[in-house]
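**Q** Going down the list, the protein sequences come from chains A and B. Position one of the first sequence corresponds to residue 1 (my numbering), numbered consecutively onward. Position one of the second sequence corresponds to residue 1 (my numbering), numbered consecutively onward. All C-beta atoms, glycine included, are put in the ideal place defined by N, C-alpha and C. Here the structure is a predicted model, which is why all the values come from computation and not from measurement.
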Amino acid sequence: MRVAFVGKGGAGKSVIAGTFARLLARHNGEVLAIDSDPLPGLAFSLGIPLSDAPIPDEAVEERAEGEDGPRFRLRSGLTPADALRRYAVEGPDGVMFLQFGKLRGHVSGMIRSQFAFRQIVAGLPEDRWSLVGDLPGGTRQPFFGWADFARTIVVVVEPTAKSLLSARRLSRLALAEHPFEALVAVANKVRRPDDVDLVSERSGLKVIGAVPWDESLAAAERQGSAPLDAVPDAPAVHAVAFLLERLEGVT
Amino acid sequence: MRVAVVGKGGSGKTTTAAVVARTFARHGLSVVALDCDTNPNLGISLGVGDDETERLVTMRESLDERESEHAPSWDELVDRFGSDAPDGVRLAVVTRIQNPDPG
Numbered sequence: 001m002r003v004a005f006v007g008k009g010g011a012g013k014s015v016i017a018g019t020f021a022r023l024l025a026r027h028n029g030e031v032l033a034i035d036s037d038p039l040p041g042l043a044f045s046l047g048i049p050l051s052d053a054p055i056p057d058e059a060v061e062e063r064a065e066g067e068d069g070p071r072f073r074l075r076s077g078l079t080p081a082d083a084l085r086r087y088a089v090e091g092p093d094g095v096m097f098l099q100f101g102k103l104r105g106h107v108s109g110m111i112r113s114q115f116a117f118r119q120i121v122a123g124l125p126e127d128r129w130s131l132v133g134d135l136p137g138g139t140r141q142p143f144f145g146w147a148d149f150a151r152t153i154v155v156v157v158e159p160t161a162k163s164l165l166s167a168r169r170l171s172r173l174a175l176a177e178h179p180f181e182a183l184v185a186v187a188n189k190v191r192r193p194d195d196v197d198l199v200s201e202r203s204g205l206k207v208i209g210a211v212p213w214d215e216s217l218a219a220a221e222r223q224g225s226a227p228l229d230a231v232p233d234a235p236a237v238h239a240v241a242f243l244l245e246r247l248e249g250v251t
Numbered sequence: 001m002r003v004a005v006v007g008k009g010g011s012g013k014t015t016t017a018a019v020v021a022r023t024f025a026r027h028g029l030s031v032v033a034l035d036c037d038t039n040p041n042l043g044i045s046l047g048v049g050d051d052e053t054e055r056l057v058t059m060r061e062s063l064d065e066r067e068s069e070h071a072p073s074w075d076e077l078v079d080r081f082g083s084d085a086p087d088g089v090r091l092a093v094v095t096r097i098q099n100p101d102p103g
């Protein structure tokens, strides 16, 4: 499974993606969770007690003059599998975690990191590795190089006018960019029975999951704990498990 | 007074900025609200509605497609390409939507 979560900032991409990745790893082998948000937060939701898991600059080399190919690549001798072994951090449930989008200074570092990201995801055999991406928030960046790996795009949508407008913009950009196999929505922070209908009507997307507003999840987020560790039986966690089942049916 | 509102996505920047802008305007200040977000939603929180918010974005995009020597000035962005929001706030979308930075 290769799925990317997009949505307005604060819609709940990281919490859903992190929980989703761990649940997927429990019964579906190898999972790489990818945080490409410049303001990363996926580690918290995975339950990994660190804020950074970068591909270091020295793992990437610039193309020599006169050579063909992309401008940067993993340094010679370092295969995508090697890079994963060396730089990915193993989290709970065996999820591997890499962070690519963090702004650590000048934007040039991120360009190197993005080339490494493309090469690594392209080098992981699809029958063995599942990829779960937590993409940059908002509409400008996610389809600028971070979504290509995905077969399925999940737009995380709150039942608010701003989140719905962002979802429509994201949906337009996704369709303009790629023939993704599936472009679907998950309604998040659902409080009222008609919230899911609102998301479905106003986003124009098929809603394949509804995650309820959940005080216990909010409490876990307040502490910076992963929902699966702090409140494994929370309704929101069960909703993500159901979303996973649905997606396994769709893809 | 010149105020910028910043923060993580979803923390309430847009809502805060809109309430502050309209409150100042109600107190008699002449207020320009600048949407500097790459996902511009300030129009919604100011109360101009979905369609007008999208119209401003579309216009901003078409301005970006022009030659750079014809790029609009700040005055033009606000006076010609802005929109009137409630309480007399003048709204303009000032972010370049296209040509994203990498990452």
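1) Assuming A/Gly12 contacts A/Ala81 under a Cβ cut-off of 8 Å, what Cβ separation, rounded to an integer in Å, is found between them?
2) Say whether chain A places a C-beta atom closer than 9 Å to the C-beta of B/Thr16.
3) From B/Gly47, B/Asp64, B/Gly43, B/Leu63, pick the residue whose C-alpha is nearest to that of B/Glu54; which is it?
4) For the beta strand (DSSP E) that A/Phe5 lies in, which residues bound it at each end?
5) Inspect the beta-carbon positions of B/Val5 and B/Thr23 and report whether they are closer than 9 Å.
6) Do A/Leu228 and A/Thr19 have their CB atoms nearer than 9 Å?
7) How many angstroms separate the CA atom of B/Asp101 from the CA atom of A/Gln141?
8) So, A/Gly7 versus A/Ser166, is the Cβ gap smaller than 9 Å?
9) Just curious, the beta strand (DSSP E) that A/Ile208 is in, first and last residue?
10) Going straight from the alpha carbon of A/Lys206 to that of A/Gly249, what length do you get?
11) Assuming A/Asp83 contacts A/Met96 (C-beta within less than 8 Å), just tell me the rounded distance between them.
12) Against chain B, which members of the region 166-182 of chain A pass a CB distance test of less than 8 Å?
13) Please list, in chain order, the chain B residues whose beta carbon lies closer than 9 Å to that of A/Leu78.
14) Using a Cβ cut-off of 7 Å, which residues of the region 109-142 of chain A contact any Cβ in chain B, in chain order?
15) Can you find the residues in the same chain that come closer than 6 Å, C-beta to C-beta, to B/Asp35, ignoring five residues on each side of it along the sequence?
16) Does DSSP put A/Arg246 in a helix, in a strand, or in coil?
17) Is the shortest distance between the beta-carbon of B/Glu54 and the beta-carbons of chain A less than 9 Å?
18) Is the Cβ of B/Ser62 closer than 9 Å to any Cβ of chain A?
19) Strictly under 9 Å for the Cβ-Cβ distance: is B/Ser30 near chain A by that measure?
**A** Well, looking at it:
1) Not a contact, Cβ separation roughly 32 Å.
2) no
3) B/Gly43
4) 2-7
5) no
6) yes
7) Since pLDDT at B/Asp101 reaches only 46, below the 50 mark, its modelled position is unreliable, and the value read off the structure follows with that caveat. So the alpha carbons of these two residues sit roughly 7 Å apart.
8) yes
9) 206-212
10) 14 Å
11) Contrary to the premise, residue 83 of chain A reads as Ala rather than Asp in this sequence. Contact flag wrong, Cβ pair sits at about 11 Å.
12) Ser166, Arg169
13) Residues of chain B passing the Cβ test: none, with the nearest at roughly 21 Å.
14) Met110, Ile111, Gln114, Gly137, Gly138, Thr139, Arg140, Gln141
15) Leu42, Val93
16) helix
17) yes
18) no
19) no
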